[in-house]
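Q: Sequence lines, in order, name chains A and B.
In terms of the numbering used here, the numbers along the first sequence are unbroken and rise by one, the last being 107.
In terms of the numbering used here, the numbers along the second sequence are unbroken and rise by one, the last being 107.
All C-beta atoms, glycine included, are put in the ideal place defined by N, C-alpha and C.
Protein chains: 2
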Amino acid sequence: MKKTKAYRSEAASAIYETATGLFEAGIIDKQTMREFDESCLTPIHEFTPSQIRALREREQVSQTVFAHHLNISKDSISQWERGEKRPAGPSLKLLSLIERKGLASIA
Amino acid sequence: MKKTKAYRSEAASAIYETATGLFEAGIIDKQTMREFDESCLTPIHEFTPSQIRALREREQVSQTVFAHHLNISKDSISQWERGEKRPAGPSLKLLSLIERKGLASIA
DNA sequence: ACACTTTATAGCACTTAGTACTACAGTAAA
DNA sequence: TTTACTGTAGTACTAAGTGCTATAAAGTGT
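1. Taking 9 angstroms as the CB-CB cut-off, is A/Leu-55 touching chain B?
2. For the stretch 73-82 of chain B and the stretch 79-86 of chain A, state whether three or more C-beta atom pairs, one from each stretch, are separated by less than 8 angstroms.
3. Between A/Ser-96 and the rest of its own chain, which residues show a CB-CB distance below 8 angstroms, the 5 nearest in sequence each way excluded?
4. Since A/Ile-64 is in the alpha helix (DSSP H), which residue starts that stretch and which ends it?
5. Could you give the residue range of the alpha helix (DSSP H) that holds B/Arg-82?
6. Does the beta-carbon of A/Leu-70 have 16 or more other beta-carbons within 10 angstroms, so that it is buried, or is it exposed?
7. Would you kindly check if the distance between the Cβ of A/Ile-106 and the Cβ of B/Ile-93 is under 9 angstroms?
8. Below 7 angstroms on C-beta distance, what does B/Pro-90 contact in chain A?
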């Protein structure tokens with residue numbers, strides 16, 4: 001935890017540096033520090049088939065183009081939207097990013 | 001392709017809007033337009049085990065924290081770095097994003 | 001010295017996501 | 001009419017990703 005990382009907002013950055021300081025001063029432990037790190041990540045949740053479709057339609061793209069953005073096959077997108085299969089780990093991360101920041105953010 | 005999307009640079013945005021105009025005017029076809037869209041995506045390539053480890057170490061995080069960022073298990077990161085398994089579709093997309101824009105960009 | 005935590009490797013067995021392919025159908029446009 | 005884009009639906013396969021346990025090195029604190 002030596003390097004100061006880049007944060008989106010000034011506030012988040014300031015809070016993080018304060019926490020880092022508290023850690024270095026021994027006031028909070030490594031465990032708490034890691035939990036703090038994790039709390040900074042975009043929250044990830046499951047997506048229903050309709051939510052996935054709504055997300056894609058919000059971005060105005062076809063299943064094929066959406067698939068290209070996720071680096072996945074078009075068949076998979078179709079399967080997600082029909083509830084035949086459900087997106088897993090890394091796919092959920094990408095969907096969450098798109099939901100919060102838009103398709104362009106992972107372009 | 002009705003909505004104007006957000007682009008990182010002014011230049012890219014301008015070029016894109018010009019292309020959109022050409023498409024709407026019927027000068028370039030939908031196929032060309034989609035290929036243009038795809039050319040805007042971050043290039044994705046395979047990663048060797050050492051490249052993955054180097055990438056993680058560049059970001060100064062443990063396998064566990066790295067795993068949290070990718071929404072994947074720590075075991076998988078270890079397997080990638082030892083060449084026991086290789087990251088697939090969506091995982092490669094995330095690794096490419098980290099490589100080009102840093103860990104914070106997918107936080 | 002001691003215990004404790006973090007870090008990472010290594011093996012195992014298992015589940016299922018993701019792929020690739022085909023065929024089919026509705027819509028729109030040339 | 002024909003061509004292209006879109007999405008559904010079926011099949012079958014591969015291997016990614018999970019979860020578990022055990023092990024060990026290195027650092028931390030007491």
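A: The answer reads as follows:
1. no
2. no
3. Thr-42, Pro-43, Ile-44, His-45
4. The sequence given here has Thr at residue 64 of chain A, not Ile. Looking at the DSSP string, the run of the alpha helix (DSSP H) that includes A/Thr-64 is 63-70.
5. From DSSP, B/Arg-82 is part of no alpha helix (DSSP H); its letter is neither H nor E.
6. buried
7. Here residue 93 of chain B is Lys; the residue named in the question, Ile, does not match the sequence. Yes, Cβ-Cβ distance for B/Lys-93 and A/Ile-106 is below 9 angstroms.
8. Near B/Pro-90 (Cβ distances below 7 angstroms), the residues of chain A are Leu-70, Asn-71, Ile-72, Pro-90, Ser-91, Leu-94.
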